[in-house]
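The structure under discussion appears below in the form of structure tokens.
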Ligand code: DPP
Ligand code: ZN
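In the UniProt record's numbering, the protein residues as written are 6 to 850.
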């Protein structure tokens with residue numbers, strides 16, 4: 006396969022003035038006619054007329070009305086063209102029903118839909134399928150289906166046809182089309198300048214009752230983007246469609262967002278609080294793309310973080326504003342450490358802006374998205390909120406309608422602030438997680454912090470240069486008072502000291518408050534210091550972090566000496582915090598969480614010890630059991646405090662209480678054999694309560710009846726059944742996980758071609774750390790078998806799921822050998838997709 010390099014970028018030889026598309030829809034023979042006005046691009050030197058096109062049957066082509074016979078390859082076509090503006094016409098035939106890759110135009114249970122990002126449009130018709138070619142599209146759809154949708158504003162309609170016109174120039178990856186028997190949940194929004202916008206959420210008949218939350222989230226997003234970023238919506242209509250078969254979460258097509266039904270449909274009975282929050286965030290994310298992604302798009306796919314990092318950052322601001330900022334921050338850091346750190350510290354490590362790829366689909370990663378958002382958070386911290394706002398205004402003003410680069414993005418900050426961001430730019434080009442160590446000293450009333458930064462080598466990058474690290478620090482007096490409030494230290498050197506004078510007593514430092522930079526902080530804080538910070542830190546993130554450090558230390562001690570129990574002093578201190586009813590229940594629920602077994606494995610590996618997944622699992626279980634027994638007497642009072650008496654609402658306050666209640670129930674089930682969980686399961690009137698009861702029963706080994714009842718109740722609901730499949734595997738005892746997965750993949754409802762269902766089962770297996778790393782390699786083999794099978798149908802989801810193997814080098818030689826063998830089996834599969842080939846090759850290094 007061909008490797009594409011950032012350094013090789015050249016503009017396309019032609020501009021596109023307008024695009025007219027006609028679709029005559031039929032499941033196995035859809036006709037797509039295109040009429041495209043091209044003109045020579047004065048900014049380009051290479052005038053080769055190459056149009057991308059894959060899996061298309063070319064029926065005819067013409068230039069300025071005269072038939073032509075282009076030179077067609079499996080990747081596209083070339084053709085001699087005039088050295089002046091001209092009209093290109095082509096008619097192609099495609100088979101949406103046979104399109105199981107879910108890229109381009111495909112069918113999902115009787116409805117037509119599209120997914121074009123990143124390079125799916127080339128499976129619809131011949132086109133310069135690259136984000137820097139922006140054009141105005143008009144679309145005509147012919148079909149007997151009742152609802153026919155495309156981008157932009159609705160035009161004329163008649164029996165069996167509809168026309169759409171999108172006045173905003175856009176790249177082809179934002180094209181969308183939907184046709185089906187759909188029902189609308191409709192509303193209206195008036196923008197601050199008075200434009201009335203029709204809002205529709207389109208769903209299958211029967212799902213109308215699951216739309217209200219998504220619609221509310223959309224209106225909140227529209228208002229928030231006006232209030233916070235000054236960005237208004239720019240069309241007469243905003244359509245969202247829910248689709249059951251979808252590779253990603255959702256897609257920001259101009260005026261016609263298409264969502265995985267799991268990322269938009271919600272009701273109290275079928276969705277957990279976490280689902281509600283995620284849906285709100287994804288609706289916001291896709292909506293915010295209208296400006297950061299659509300109005301201003303990417304020059305090429307190497308710049309993906311330009312729109313994704315920024316839009317993730319914006320949606321996290323939105324969630325922080327609507328809910329609790331500290332809770333959102335802690336959740337994001339848990340997620341970053343669970344997904345981005347392992348990626349950045351293993352064979353798949355790549356810069357936030359990659360410099361080469363074979364298949365761009367493989368770079369929709371936690372690094373591009375979540376680390377990309379962290380980089381923007383650091384930039385905002387460094388320049389300050391006012392300068393950030395001014396820089397964003399300048400960005401929108403200067404680049405509206407353009408396809409941009411990270412250089413353009415950084416230049417608006419340089420022009421706004423006068424800062425030189427050359428060193429900061431390393432965040433975009435250097436892969437790997439920086440490690441930040443710190444030493445403290447105190448003399449002559451001056452307290453000094455000396456930091457050292459170091460980034461280990463990553464594939465293709467042996468030498469790393471120092472990066473700009475914003476380090477937020479606060480200092481506390483020994484009596485617990487804050488003597489130095491949060492101060493931002495700006496570290497630019499490999500080693501750098503910062504002093505705080507006039508401190509009559511040696512303070513306790515709270516370092517990297519709010520997780521002000523995405524680094525691994527190596528700090529030898531004593532147990533006493535962490536207990537002190539847990540009790541006194543004014544920064545809610547670092548208070549949580551102190552407890553997390555104590556949890557890690559306690560678990561590590563239990564691992565090195567299996568006779569030990571958990572750290573009693575820490576559990577006592579933690580219980581004091583958990584019982585503090587002045588604190589947000591959602592925050593208390595986070596404090597009750599333990600580091601995942603995978604995170605413990607990573608920490609052991611970093612400390613030079615080969616992790617033993619079974620031993621880690623045993624220690625974590627022993628810890629949970631001991632804690633439940635120790636706190637047994639306090640659990641009823643905590644459960645009482647978590648009780649919600651009002652009618653169900655997915656708001657942050659109620660959700661926080663339920664999160665605390667769920668954590669308490671998990672403890673209770675360890676000491677009452679599942680009695681409380683069983684009662685909660687029977688009485689549950691919402692999915693959060695029902696599912697937390699079910700998972701507690703699974704861990705208590707008492708879930709058979711509940712699982713059967715759950716299945717009987719929900720077998721008609723695909724999204725709920727995904728949960729039923731997933732929890733049985735994710736929470737299975739490690740030695741059972743493979744058998745449970747095998748059994749469930751034989752269940753008649755295991756529709757493996759549906760990405761949600763595939764992930765619910767095989768993704769859950771990969772999440773069951775000790776189950777996946779079973780010593781005999783059975784889980785590796787089972788996953789590899791399924792990936793081989795799926796690759797022939799859906800390369801994108803297959804390649805994504807190869808990340809289950811990304812940390813294979815952490816483990817012992819025998820497990821490594823088994824994982825290598827499983828990956829080797831994939832690699833040697835005849836006809837393996839480009840997506841999966843690239844992933845496997847990178848994984849095997
Ligand atoms: N749909 C994906 C997202 O919104 C890719 N753009 O991030
Ligand atoms: Zn996005």
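Even glycine gets a Cβ: it sits at the ideal position worked out from N, Cα and C.
Predicted model, so just to flag it, every value in this text is computed and none were measured.
Near the ligand ZN: residue i beta-carbon under 7 Å from a heavy atom
{"i": "residue 324", "result": "no"}
{"i": "residue 316", "result": "yes"}
{"i": "residue 257", "result": "yes"}
{"i": "residue 294", "result": "yes"}
Limits of the unbroken beta strand (DSSP E) element including residue i
{"i": "residue 55", "result": "55-57"}
{"i": "residue 170", "result": "166-175"}
{"i": "residue 262", "result": "261-265"}
{"i": "residue 479", "result": "474-481"}
{"i": "residue 64", "result": "62-68"}
{"i": "residue 178", "result": "Note, residue 178: premise wrong, no beta strand (DSSP E); not H, not E."}
{"i": "residue 447", "result": "440-448"}
{"i": "residue 143", "result": "140-147"}
{"i": "residue 755", "result": "From DSSP, residue 755 is part of no beta strand (DSSP E); its letter is neither H nor E."}
{"i": "residue 559", "result": "Run containing residue 559: none in the beta strand (DSSP E); it sits in the alpha helix (DSSP H), 545-565."}
Closest by C-alpha distance to residue i, when choosing among the options
{"i": "residue 372", "options": "209, 308, 407 and 600", "result": "308"}
{"i": "residue 546", "options": "369, 593 and 162", "result": "593"}
{"i": "residue 247", "options": "263, 253, 240 and 233", "result": "263"}
{"i": "residue 614", "options": "376, 41 and 815", "result": "815"}
{"i": "residue 889", "options": "273, 793, 675 and 687", "result": "Outside the shown range of the chain, which is 6 to 850, sits residue 889, and nothing can be said about it."}
{"i": "residue 214", "options": "271, 370 and 368", "result": "271"}
{"i": "residue 778", "options": "163, 145, 420 and 742", "result": "742"}
{"i": "residue 465", "options": "525, 417, 128 and 351", "result": "351"}
{"i": "residue 666", "options": "731, 617 and 595", "result": "595"}
{"i": "residue 185", "options": "576, 210 and 175", "result": "210"}
Simplified DSSP assignment, three categories, for residue i
{"i": "residue 891", "result": "Absent from the model: residue 891. The displayed extent of the chain is 6 to 850, so no value can be given."}
{"i": "residue 121", "result": "coil"}
{"i": "residue 587", "result": "coil"}
{"i": "residue 234", "result": "helix"}
{"i": "residue 891", "result": "With the chain running from 6 to 850 in the structure shown, residue 891 is simply not present."}
{"i": "residue 812", "result": "coil"}
{"i": "residue 207", "result": "strand"}
{"i": "residue 734", "result": "helix"}
{"i": "residue 798", "result": "coil"}
{"i": "residue 522", "result": "coil"}
{"i": "residue 458", "result": "strand"}
{"i": "residue 85", "result": "coil"}
{"i": "residue 844", "result": "helix"}
Heavy atom of the ligand DPP within 7 Å of residue i beta-carbon
{"i": "residue 124", "result": "no"}
{"i": "residue 592", "result": "no"}
{"i": "residue 375", "result": "no"}
{"i": "residue 291", "result": "yes"}
{"i": "residue 253", "result": "yes"}
{"i": "residue 10", "result": "no"}
{"i": "residue 369", "result": "yes"}
Short CB-CB distance (under 8 Å) between residue i and chain C
{"i": "residue 465", "result": "You won't find chain C in this structure, because it holds only one protein chain."}
Check whether residue i and residue j have beta carbons under 8 Å apart
{"i": "residue 153", "j": "residue 167", "result": "yes"}
{"i": "residue 564", "j": "residue 620", "result": "yes"}
{"i": "residue 436", "j": "residue 463", "result": "yes"}
{"i": "residue 733", "j": "residue 712", "result": "yes"}
{"i": "residue 802", "j": "residue 760", "result": "yes"}
{"i": "residue 756", "j": "residue 267", "result": "no"}
{"i": "residue 451", "j": "residue 505", "result": "yes"}
{"i": "residue 495", "j": "residue 475", "result": "yes"}
{"i": "residue 326", "j": "residue 660", "result": "no"}
heavy atom of the ligand ATP below 7 Å from residue i C-beta
{"i": "residue 313", "result": "The model depicted lacks the ligand ATP and carries the ligand DPP and the ligand ZN instead."}
Opening and closing residue of the alpha helix (DSSP H) in which residue i lies
{"i": "residue 338", "result": "330-340"}
{"i": "residue 404", "result": "390-404"}
{"i": "residue 662", "result": "657-677"}
{"i": "residue 711", "result": "709-719"}
{"i": "residue 744", "result": "742-750"}
{"i": "residue 834", "result": "That residue, residue 834, is in no alpha helix (DSSP H); it is neither H nor E in DSSP."}
{"i": "residue 775", "result": "774-777"}
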